[in-house]
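For the protein sequence lines, the chains are A and B, in the order given. Going left to right, the first sequence walks through residues 1 to 409 as the numbering used here numbers them. Going left to right, the second sequence walks through residues 410 to 639 as the numbering used here numbers them. Think of the CB as a built atom: it goes at the ideal place given N, C-alpha and C, for glycine as much as any other residue. All remarks here apply to the structure that follows.
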Amino acid sequence: MNLVFRLAWRNLWRQPRRTWLTTGAMMFSNMLLVFMISLQFGMYSLMIDNTLQAFTGHLQIQAPGYIDDKKMRQTVADIVPLAESLRAELTAQHVAARATGFALVSSEERSYGIAVFGVEPEFEDDVSTLPGLIAEGRFLRDNEAAEIVIGAALARNLRVALGDELVLLGSGRDGSFAAGVVKLVGIFDSGIADFDRSVTEIPLGFFQDMFYMNGSGHHVVINAGGIDGVAALQSRVGSLLPAGQELAVHDWDALQPGLQQAIKADMSSAFFMYGILVILVAFSVLNTQLMSVLERTHEFGIVLSLGLTPGRLGRLVLLETAIMGMLGLLLGALLGGLLTYWFSINGFAYPGMEELAAKFNLPARFFPQVSPLTLLIGPGVVFIFTILAALYPALRLQRLQPVEAMRAV
Amino acid sequence: MTAVRCVDLCKTYRQGEEDIKALDHVSIDIDEGGFVCLSAPSGGGKTTLLNAIGGLDKPDSGEVYIASRRIDNLSKGELAELRLRQIGFVFQAFNLIPVLTARENIEFVMQVQGVPSGERQAKALEILEEVGLAGLEDRRPADMSGGQQQRVAVARAIVSRPALVLADEPTANLDSKTADGLMELFRELNDHHNTTFIIATHDKRVMSYAKRLVRMLDGRIVDDVLQDAA
Chain A
1 MNLVFRLAWR NLWRQPRRTW LTTGAMMFSN MLLVFMISLQ FGMYSLMIDN
51 TLQAFTGHLQ IQAPGYIDDK KMRQTVADIV PLAESLRAEL TAQHVAARAT
101 GFALVSSEER SYGIAVFGVE PEFEDDVSTL PGLIAEGRFL RDNEAAEIVI
151 GAALARNLRV ALGDELVLLG SGRDGSFAAG VVKLVGIFDS GIADFDRSVT
201 EIPLGFFQDM FYMNGSGHHV VINAGGIDGV AALQSRVGSL LPAGQELAVH
251 DWDALQPGLQ QAIKADMSSA FFMYGILVIL VAFSVLNTQL MSVLERTHEF
301 GIVLSLGLTP GRLGRLVLLE TAIMGMLGLL LGALLGGLLT YWFSINGFAY
351 PGMEELAAKF NLPARFFPQV SPLTLLIGPG VVFIFTILAA LYPALRLQRL
401 QPVEAMRAV
Chain B
410 MTAVRCVDLC KTYRQGEEDI KALDHVSIDI DEGGFVCLSA PSGGGKTTLL
460 NAIGGLDKPD SGEVYIASRR IDNLSKGELA ELRLRQIGFV FQAFNLIPVL
510 TARENIEFVM QVQGVPSGER QAKALEILEE VGLAGLEDRR PADMSGGQQQ
560 RVAVARAIVS RPALVLADEP TANLDSKTAD GLMELFRELN DHHNTTFIIA
610 THDKRVMSYA KRLVRMLDGR IVDDVLQDAA
């Protein structure tokens, strides 16, 4: 072992209690950071996947401009053959076509304005969790059938039950009057009241007839399985689109900008708290190293008189701090990693979490996501701030005069 | 050839409301291979002169030359390099690094000088044997007697064979037998390696080893004589 390293190491253990206290503070904060960041990233990943797999998908093919101005006329022509051809190419992903319209839905007693989605019954459960949320009845089966599934809240509002008929009135693609009578075959319960109150699904074939779509639709939804590799998939999908037809491929970030914003907002507040934690640790290190430097003033005078430059002396103090910081980093990351790994298998929940989770369409237990990034980002920042905190004591040494230093007790 | 030259050195310290003249127009030349004792009562200026010669403290005025190179106007870094390469220090309080063993204390200076590890270790063991501490190389200062610690300090000072060794009251914390042993070691190094020694002391027995005795009082040289050493 290098002599300077040995000297730094032994200097640290002159006051073992103080060194352990400071290292312990670093270790604890590193553990906490590893766990919290892993939990946070796990939550985000879950939020994104749940939200996207619920309905939006990771990618959508739309007519250009539709994303900003959702007009009935902005359509994707021959949408079912397009979805079929993409399905044949993208064997590892799921593809389904949809159309969207707005209508007034009426039961015998009441009427409400709703969003009507025309979906491919055979493929919809590949791109949406909605078919799995059917609480009563069944999901759509036949692409041409005059059937509808609605949310539990809307069913309550309309005071309808399975088998009842509902009347849909809206505007067709060409602006003409669109109307249809559908039979209620299923009621879903997503747990999100707004969604259950306003979203309905009917078969795409029936939708195209009713709204005079002439074979067109509004979205081809692609479920990539996860957000990793979406960018690459987006460019691949772009290259598979039929030539001569102007279409846009949007990723989940463009389709759900609120999701990313919510994550960023949550991240900002969390990182503010982490910042405070890191600064507290840095002050603890500053205190330790300042004391350590002050009580060794006499000894520093000796080594200066032997020919060590103040710069090298400062580097020795920084090395001592780096060793202590590295110890805190390794122990903190290791213990934090083990703790987080345990929770990543068994899940993590706290009182009142269910309500919050339901709000974001999340399960009642969170599973932290351990990765090299979550293991090292927090401890890495603590380490950097630890070194920064030791700069002041190290710089103080630059002013030290050998004779004055040796006079210190 | 002149090893050390001091020209008209002045240094004043402020002690409370009073100005103390630690060096009052001191000039002295010391030849290579000299064995000089600076003797003075406490506060006579011997340590201040030693510090000025060693570049540990700057005089208020005057000039200091080591091997014909003026050093009183050098930067901190240049002075550190000078001390590292050309001067060995021995202090009254031994001043070893407490967390390092005897061998590591000696190696430390060589490590700073950039001496390779193998050579460092061999030299350290060799010098420890030379100062009579063979077998104690792995002891830390706290596990050694005062005499042993001072021998380690001497070994540290001379391991790189500096041209000049400055010793400030090196025997003050030693018993008479150990002090004699140390002085004999100094003389041996002086005779065999032509190392120049400047020793600040008020111990008469130490003075008896000197080839040249310089007496100081109130910051001035009041007597400078050559003598037959013990």
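| said: Below 8 Å on the Cβ atoms is my contact criterion, and I expect V473 (chain B) with D481 (chain B) to pass it. Report the Cβ-Cβ distance as a whole number of Å. | reply: By one-based count along the second sequence, residue 473 (chain B) stands at place 64. By one-based count along the second sequence, residue 481 (chain B) stands at place 72. At roughly 4 Å, the Cβ-Cβ gap stays under 8 Å, so V473 (chain B) and D481 (chain B) are in contact.
| query | For T309 (chain A), which of helix, strand or coil comes out of DSSP? | reply | In the first sequence, the residue the question calls residue 309 (chain A) occupies position 309. For T309 (chain A), the secondary structure class from DSSP, reduced to helix, strand or coil, is coil.
| task | Please state if the CB of L247 (chain A) and the CB of I61 (chain A) are separated by a distance shorter than 8 Å. | result | For the purposes of this step, residue 61 (chain A) is taken as the residue at position 61 of the first sequence. For the purposes of this step, residue 247 (chain A) is taken as the residue at position 247 of the first sequence. Cβ atoms of I61 (chain A) and L247 (chain A): closer than 8 Å.
| said: When you compare the CB positions of R98 (chain A) and R173 (chain A), do they come within less than 8 Å of one another, or not? | reply: Along the first sequence, read from residue 1 onward, the residue named residue 98 (chain A) stands at position 98. Along the first sequence, read from residue 1 onward, the residue named residue 173 (chain A) stands at position 173. Cβ distance not < 8 Å, so R98 (chain A) and R173 (chain A) don't count as in contact.
| task | Taking only beta-carbon positions, decide if D428 (chain B) is within less than 8 Å of chain A. | result | Working through the second sequence from its first residue, we reach residue 428 (chain B) at position 19. For D428 (chain B), the nearest beta carbon of chain A is not closer than 8 Å to its own beta carbon.
| R17 (chain A), DSSP secondary structure in three states | Numbered from its first residue, the first sequence carries residue 17 (chain A) at position 17. For R17 (chain A), the secondary structure class from DSSP, reduced to helix, strand or coil, is helix.
| message | Between the alpha carbons of G175 (chain A) and Y212 (chain A), how many angstroms are there, rounded? | response | Taking the first residue of the first sequence as position 1, residue 175 (chain A) is located at position 175. Taking the first residue of the first sequence as position 1, residue 212 (chain A) is located at position 212. Approximately 9 Å, taken between the alpha carbons.
| field | Terminal residues of the alpha helix (DSSP H) in which T587 (chain B) lies | value | On the second sequence, residue 587 (chain B) is found 178 positions in, with the first residue counted as 1. Annotation for T587 (chain B): the continuous alpha helix (DSSP H) segment containing it runs 585-602.
| task | Compare the C-beta of T23 (chain A) with all C-beta atoms of chain B and state if any pair is closer than 8 Å. | result | Position 23 of the first sequence, counting from 1, holds the residue named residue 23 (chain A). No, T23 (chain A) does not count as interfacial toward chain B.
| Is the segment 107-115 of chain A close to the segment 237-252 of chain A, with three or more CB pairs under 8 Å? | They do not touch, by the three-pair rule.
| message | By the 8 Å beta-carbon criterion, what residues does the segment 465-485 of chain B contribute toward chain A? | response | Listed by position along the chain: L465, D466, K485.
| query | Among A:E120, A:G226, A:F55, A:R399, which has the Cα closest to the Cα of T309 (chain A)? | reply | Translated into positions along the first sequence, residue 309 (chain A) becomes position 309. In this structure, A:R399 is the residue among A:E120, A:G226, A:F55, A:R399 with its C-alpha nearest to the C-alpha of T309 (chain A).
| query | Along chain B, which residues have their Cβ under 7 Å away from the Cβ of E299 (chain A)? | reply | Here residue 299 (chain A) corresponds to residue number 299 of the first sequence, with the count starting at 1. Against chain B, a Cβ distance below 7 Å from E299 (chain A) picks out I506.
| How many angstroms separate the CA atom of S190 (chain A) from the CA atom of V221 (chain A)? | Along the first sequence, one-based indexing puts residue 190 (chain A) at 190. Along the first sequence, one-based indexing puts residue 221 (chain A) at 221. Approximately 20 Å between the Cα atoms of the pair.
| field | Continuous alpha helix (DSSP H) stretch holding Q289 (chain A): start and end | value | To locate residue 289 (chain A), count along the first sequence from 1; it is residue 289. In this chain, the alpha helix (DSSP H) harbouring Q289 (chain A) covers 257-295.
| request: Determine the closest residue to I496 (chain B) out of B:A511, B:N514, B:V518, with distance taken between C-alpha atoms. | output: Numbered from 1 along the second sequence, position 87 holds the residue referred to as residue 496 (chain B). Ranking the options by Cα distance to I496 (chain B), first place goes to B:V518.
| said: Which of the three DSSP states is assigned to Q559 (chain B) in this structure? | reply: The residue labelled residue 559 (chain B) in the question sits at position 150 within the second sequence. Q559 (chain B): helix per DSSP, three-state reduction.
| Closer than 9 Å at the beta carbon, the chain A residues around F517 (chain B) | Residue 517 (chain B) sits at position 108 when you count from the first residue of the second sequence. Chain A residues near F517 (chain B): L3, V4, L7, V303, L306, L308.
| request: Please confirm if the segment 600-612 of chain B is in contact with the segment 571-587 of chain B, defined as three or more CB-CB distances below 8 Å between the two stretches. | output: Yes, since at least three Cβ pairs between the segment 600-612 of chain B and the segment 571-587 of chain B fall closer than 8 Å, the two stretches touch.
| Between V317 (chain A) and chain B, is there a C-beta pair that is closer than 8 Å? | Locating residue 317 (chain A) in the first sequence gives position 317, where the first residue counts as 1. Chain B contact via Cβ: absent.
| Test: R236 (chain A) CB closer than 8 Å to a CB of chain B | As a first step, residue 236 (chain A) is located in the first sequence; it is residue number 236 there, counting from the start. Not flagged as an interface residue toward chain B: R236 (chain A), since no C-beta distance is shorter than 8 Å.
| field | Given P81 (chain A) as reference, the closest of A:A270, A:A96, A:L52, A:Q15 once Cα atoms are compared | value | For the purposes of this step, residue 81 (chain A) is taken as residue 81 along the first sequence, with counting starting at 1. Among A:A270, A:A96, A:L52, A:Q15, the Cα nearest to that of P81 (chain A) is on A:A96.
| field | Proximity below 8 Å, CB of R621 (chain B) to CB of L598 (chain B) | value | Your numbering for residue 621 (chain B) matches position 212 in the second sequence. Your numbering for residue 598 (chain B) matches position 189 in the second sequence. Not a contact, by the Cβ cut-off of 8 Å.
| query | Helix, strand or coil: which one does DSSP assign to V381 (chain A)? | reply | The count along the first sequence starts at 1 and reaches residue 381 (chain A) at position 381. DSSP, read as helix, strand or coil, puts V381 (chain A) in helix.
| request: Kindly list the residues whose CB is nearer than 6 Å to the CB of F595 (chain B), restricted to its own chain and excluding five residues on each side of it in sequence; keep chain order. | output: Here the question's residue 595 (chain B) lines up with position 186 in the second sequence. These residues qualify, in order along the chain: F606.
| query | Which of helix, strand or coil does DSSP assign to R141 (chain A)? | reply | Taking the first sequence and counting its residues from 1, the one referred to as residue 141 (chain A) is at position 141. Correct three-state label for R141 (chain A): coil.
| query | By the criterion of Cβ-Cβ separation under 7 Å, what are the contact partners of V403 (chain A) in chain B? | reply | Within the first sequence, the letter at position 403 stands for residue 403 (chain A). At a C-beta separation below 7 Å, V403 (chain A) has these neighbours in chain B: N460, L465, D466.
| message | Below 8 Å on the Cβ atoms is my contact criterion, and I expect L397 (chain A) with L313 (chain A) to pass it. Report the Cβ-Cβ distance as a whole number of Å. | response | To locate residue 397 (chain A), count along the first sequence from 1; it is residue 397. To locate residue 313 (chain A), count along the first sequence from 1; it is residue 313. Rounded, the Cβ-Cβ distance is 5 Å, consistent with contact.
| query | Looking only at its own chain, which residues have a Cβ that is under 8 Å from the Cβ of S371 (chain A), when we skip the five neighbours before and after it? | reply | In the first sequence, counting from the first residue as 1, residue 371 (chain A) sits at position 371. Around S371 (chain A), the same chain offers S38, F41 as residues with beta carbons nearer than 8 Å, after the five sequence neighbours per side are excluded.
| message | Quick check on DSSP: helix, strand or coil for E147 (chain A)? | response | Position 147 of the first sequence, counting from 1, holds the residue named residue 147 (chain A). In the structure shown, E147 (chain A) sits in a strand (DSSP, three-state: E or B).
| query | Rounded C-beta distance between P368 (chain A) and F28 (chain A)? I'm assuming under 8 Å. | reply | For the purposes of this step, residue 368 (chain A) is identified with residue 368 of the first sequence, where counting begins at 1. For the purposes of this step, residue 28 (chain A) is identified with residue 28 of the first sequence, where counting begins at 1. The C-beta distance from P368 (chain A) to F28 (chain A) rounds to 17 Å, too long to meet the 8 Å contact threshold.
| Between which two residues does the alpha helix (DSSP H) containing V623 (chain B) stretch? | Sequence index remark: in the second sequence, residue 623 (chain B) carries index 214 (1-based). Not the alpha helix (DSSP H): V623 (chain B) falls in the beta strand (DSSP E), residues 621-626.
| request: For R14 (chain A), return the contacting residues in chain B, with the cut-off set at a CB-CB distance below 9 Å. | output: On the first sequence, residue 14 (chain A) is found 14 positions in, with the first residue counted as 1. Neighbours of R14 (chain A) in chain B, taken as residues whose beta carbon is under 9 Å from its own, are P507, V508 in chain order.
| Looking at chain A, which residues of the segment 554-586 of chain B have a Cβ within less than 9 Å of any of its Cβ atoms? | Hits within the stretch, in order: R565, A566.
| message | Would R396 (chain A) pass as an interface residue toward chain B - the criterion being a Cβ-Cβ separation below 8 Å? | response | Translated into positions along the first sequence, residue 396 (chain A) becomes position 396. Chain B, which has no Cβ nearer than 8 Å to the Cβ of R396 (chain A), makes this no.
| query | Of the choices A:A179, A:H219, A:V167, A:L169, whose alpha-carbon is the least far from that of V127 (chain A)? | reply | The sequence position of residue 127 (chain A) within the first sequence is 127, counting from 1. Out of A:A179, A:H219, A:V167, A:L169, A:H219 has the C-alpha closest to the C-alpha of V127 (chain A).
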